[in-house]
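Structure first, commentary second.
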Amino acid sequence: MSSMPFYSPPVSLPRLHAHPDAQVLVRRARVGDVPRLYEIISYYAARGDMLPKTLDQLYNRVRSLNVAEADGEVVGCAALNITWADLAEVVSVAVHPDFQGRGLGKRLVLPLLDEAAELGIPTVFTLTLQPAFFSRLGFREMPKIHFPHKIWQDCKSCFKQDRCDEIALIREV
Ligand SMILES: CC(C)(COP(=O)(O)OP(=O)(O)OC[C@H]1O[C@@H](n2cnc3c(N)ncnc32)[C@H](O)[C@@H]1OP(=O)(O)O)[C@@H](O)C(=O)NCCC(=O)NCCS
-9 MSSMPFYSPP
1 VSLPRLHAHP
11 DAQVLVRRAR
21 VGDVPRLYEI
31 ISYYAARGDM
41 LPKTLDQLYN
51 RVRSLNVAEA
61 DGEVVGCAAL
71 NITWADLAEV
81 VSVAVHPDFQ
91 GRGLGKRLVL
101 PLLDEAAELG
111 IPTVFTLTLQ
121 PAFFSRLGFR
131 EMPKIHFPHK
141 IWQDCKSCFK
151 QDRCDEIALI
161 REV
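Letter by letter, the sequence shown follows residues -9 to 163 in this note's numbering.
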């Protein structure tokens, strides 16, 4: 009996054709963006910078994702997941290294806060290894114990579980 082929996610950075000075548009994700998002997130996840996402997770959540597009190519993303009646989470924030440091992370995250407000959700949190980036966007650190819903929903199936090194930050919208 033949065994299933072992599938490894990509760990190399996608080579961009977009010019680094190209104008960048932030828009809602489409399903056609998912393979590139998977490459970017897998690259950072392999370095331990963020949690990995599977292709099916990205397709399932495509309606929660914003992407940054330059010269027709996806160069960054961020998503908002609703956690509870009064709480949502900013997840999967990533910007291709060629496009970092020019305000794209901020442009991807800030509309998610407006979206939370429009949904009637007063508070947004994130779990991250980049707390300084989120502090610049007005988030403040908060012990993880304040997010029991997150712990029930996701942490129980996360490979980090009890050895989670991510820092929780919170912001009113
Ligand atoms: C973290 C990340 C999304 C930032 O993206 P970016 O486009 O470079 O960020 P921006 O240019 O929008 O920065 C916004 C502000 O945060 C600051 N900032 C960005 N990254 C920072 C960092 N690592 N440490 C401290 N400050 C940071 C910027 O200086 C800027 O400050 P300003 O508004 O005073 O000028 C990007 O570095 C990245 O993709 N990292 C790898 C994936 C990752 O770690 N994701 C974290 C979430 S899980």
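Where a beta carbon is used, it is the ideal one built from N, C-alpha and C, also for glycine.
Classification of residue i by the beta-carbon crowding that lies within 10 angstroms, buried from 16 upward
{"i": "K140", "result": "buried"}
{"i": "A122", "result": "exposed"}
{"i": "H86", "result": "buried"}
{"i": "V21", "result": "exposed"}
{"i": "E162", "result": "exposed"}
{"i": "S54", "result": "buried"}
{"i": "G158", "result": "Correcting the residue type first, residue 158 is Ala in the shown sequence and not Gly. By the neighbour-count rule (16 or more Cβ atoms within 10 Å), A158 is buried."}
{"i": "N49", "result": "Checking the displayed sequence, the identity of residue 49 turns out to be Tyr instead of Asn. With fewer than 16 other Cβ atoms within 10 Å, it is exposed."}
{"i": "G110", "result": "exposed"}
{"i": "T44", "result": "exposed"}
{"i": "L23", "result": "Sequence inspection shows Asp at residue 23; the Leu mentioned does not correspond to that position. Buried is the call here."}
Residue of the options minimising C-alpha distance to residue i
{"i": "A60", "options": "E108, P10 and R20", "result": "P10"}
{"i": "T118", "options": "E131, G110 and D76", "result": "E131"}
{"i": "A58", "options": "I30, S2 and Q120", "result": "I30"}
{"i": "K96", "options": "V80, E108, G110 and A107", "result": "V80"}
{"i": "H14", "options": "N56, T73 and V1", "result": "Correcting the residue identity first, residue 14 is Val in this sequence and not His. The shortest C-alpha separation from V14 is found at N56."}
{"i": "E105", "options": "S125, R126 and A68", "result": "A68"}
{"i": "F129", "options": "T73, D88, T113 and P138", "result": "T113"}
{"i": "A36", "options": "V1, F89 and L94", "result": "V1"}
{"i": "D88", "options": "L102, A75, L70 and V64", "result": "V64"}
{"i": "F149", "options": "P42, P101, R92 and F115", "result": "P42"}
{"i": "F137", "options": "F115, C154 and Q151", "result": "F115"}
{"i": "R5", "options": "L27, A19 and E156", "result": "L27"}
{"i": "D46", "options": "G66, H7, P25 and P133", "result": "P25"}
{"i": "A107", "options": "H7, Q120, I160 and A78", "result": "A78"}
{"i": "G91", "options": "M40, N71, L70 and R126", "result": "R126"}
Residues bridged to residue i [DSSP beta-bridge criterion]
{"i": "I187", "result": "What is shown of the chain runs -9 to 163, which leaves residue 187 out entirely."}
{"i": "L171", "result": "Nothing can be reported for residue 171: it is not among the residues displayed for the chain, which extend from -9 to 163."}
{"i": "A69", "result": "L55 and V81"}
{"i": "R17", "result": "V57"}
{"i": "V64", "result": "E59"}
* To do: Tell me the start and end of each unbroken alpha helix (DSSP H) in the segment 78 to 159 that is at least 4 residues and wholly inside, in chain order.
  => The segment 78 to 159 contains these whole alpha helix (DSSP H) runs: 94 to 108, 121 to 126 and 138 to 143.
* To do: Scan the segment 36 to 62 and note each continuous alpha helix (DSSP H) run of 4 residues or more that stays entirely inside, going in chain order.
  => The qualifying runs are 45 to 50.
* Asked: Using the beta carbon as the reference atom, which residues fall closer than 5 Å to any heavy atom of ligand 1, ordered along the chain?
  -> Taking a cut-off of 5 Å from the heavy atoms of ligand 1, the residues with a C-beta inside it are Y34, D39, M40, V83, A84, V85, Q90, G91, G93, L94, G95, K96, T118, Q120, A122, F123 and R126.
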